[in-house]
Amino acid sequence: MARNKSTDGASDAAPKVKKQRWYHQVWQAYQMTRRTDPSVTWWMLLMLAGGLVVGLLLGLLLGGHWIFGLIMGLPLGLLAAMYTLTRRAESAAYKQIEGQPGAARAALGSVRRGGWSFADEPVAFDARTQDMVFRGVGRPGVLLVSEGTTGRSTRLLDAEKKRTARVLPGVPIVTLEVGSAAGQVPLRKVVSTVQKMRPQMTKAEVAEVSKRLRALGGAKLPIPKGIDPMRARPDRKGMRGR
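One point on numbering: in full-length UniProt numbering, the residue at position 47 of the sequence shown is 47, and numbering is uninterrupted.
Here it is as structure tokens:
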């Protein structure tokens with residue numbers, strides 16, 4: 001019996017993913033922020049009301065009708081409310097990941113300027129203390145970012161800097177300690193701190209440095225001891241019945 005090709009084609013086709021609208025994203029950001037910062041609702045309403053008042057005053061001062069002032073103030077209020085939501089959503093996101101392993105790497109993912117690229121895995125790791133060092137390459141040079149308790153993470157960072165300097169002599173190496181102790185950079189200021197760094201290398205030099213660092217490799221993260229199924233070998237004597 002012949003199969004219906006049109007029916008088979010329809011069943012094999014992947015289901016269409018519904019496109020998420022911008023207001024859905026705003027609502028999700030608002031819900032996430034409200035869980036950590038319940039006052040965000042009142043701040044947004046205050047900014048909206050402030051924009052309406054400013055628009056109303058401008059409309060009256062320019063000799064227009066009060067309705068014209070409200071129409072002009074509504075976009076101002078919405079813009080101020082969205083700006084407030086953006087800033088507080090950013091703070092809420094940092095609060096949720098602060099203190100968790102890999103929080104520094106998550107923050108570095110928001111860096112947009114400087115041509116930076118960051119490895120997903122740490123390049124140095126202390127299994128006992130959970131301190132780690134992440135590495136990035138950009139036009140300011142090689143960036144080594146540690147997270148953990150000051151002192152321990154400092155030693156780990158210095159050791160990784162020496163190892164990198166041996167492979168890349170003459171290349172600028174910048175270190176950054178992330179944490180809440182004195183001398184460390186708070187998690188919420190990591191992005192702004194990195195983006196303020198001045199370029200020291202060309203794009204071609206950045207590509208060459210990245211190539212050499214890939215050959216250097218990274219940290220060997222701890223794994224449970226046992227048999228590696230990818231390297232397990234069969235018992236040949238047992239297979240022959242001996």
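Just so it is clear, CB atoms sit at the ideal spot from N, CA and C, and this is done for glycine as well. As the structure is a computational prediction, the values presented were derived from the model and not from experiment.
Which residues mark the beginning and the end of the alpha helix (DSSP H) in which residue i is found?
i          : result
serine 192 : 190–195
Consult DSSP for residue i and reduce its assignment to one of helix, strand or coil.
i            : result
leucine 221  : Low per-residue confidence applies at leucine 221: pLDDT is 46, beneath 50, and the placement is therefore not dependable, though the value from the model is reported in the following sentence. Three-state result, leucine 221: coil.
serine 146   : strand
arginine 128 : coil
valine 26    : helix
arginine 135 : strand
valine 123   : coil
The beta strand (DSSP E) with residue i in it runs from where to where?
i             : result
leucine 157   : Looking at the DSSP string, leucine 157 is not in any beta strand (DSSP E); the run it does join, the alpha helix (DSSP H), is 152–167.
threonine 175 : 173–178
Give me the residue from the options with the minimum Cα distance to residue i.
i             : options                        : result
threonine 129 : Gly141, Arg212, Arg152, Val178 : Arg152
valine 178    : Gly141, Gly59, Tyr94           : Tyr94
glycine 138   : Met201, Trp42, Val26, Tyr30    : Met201
lysine 127    : Leu156, Gly109, Thr33, Tyr83   : Looking at the sequence shown, residue 127 is not lysine but alanine. For the residues Leu156, Gly109, Thr33, Tyr83, the minimum Cα distance to alanine 127 belongs to Leu156.
serine 146    : Arg112, Ala181, Gly115, Arg166 : Ala181
tyrosine 83   : Glu160, Met47, Val111, Ser110  : Met47
leucine 187   : Gly148, Arg166, Arg163, Val167 : Gly148
glycine 99    : Gly141, Gly109, Leu70, Met132  : Met132
Which complete alpha helix (DSSP H) runs does the region 30–115 hold, if anything under 4 residues is left out?
40–61, 66–97, 103–108
So, does the region 25–37 touch the region 85–105, judging by three or more C-beta pairs under 8 Å?
yes
Check whether the region 91–104 touches the region 58–75, taking contact to mean three or more Cβ pairs, one atom from each stretch, closer than 8 Å.
no
Under 8 Å: do the region 114–124 and the region 173–187 share three or more Cβ pairs, one atom per stretch?
no
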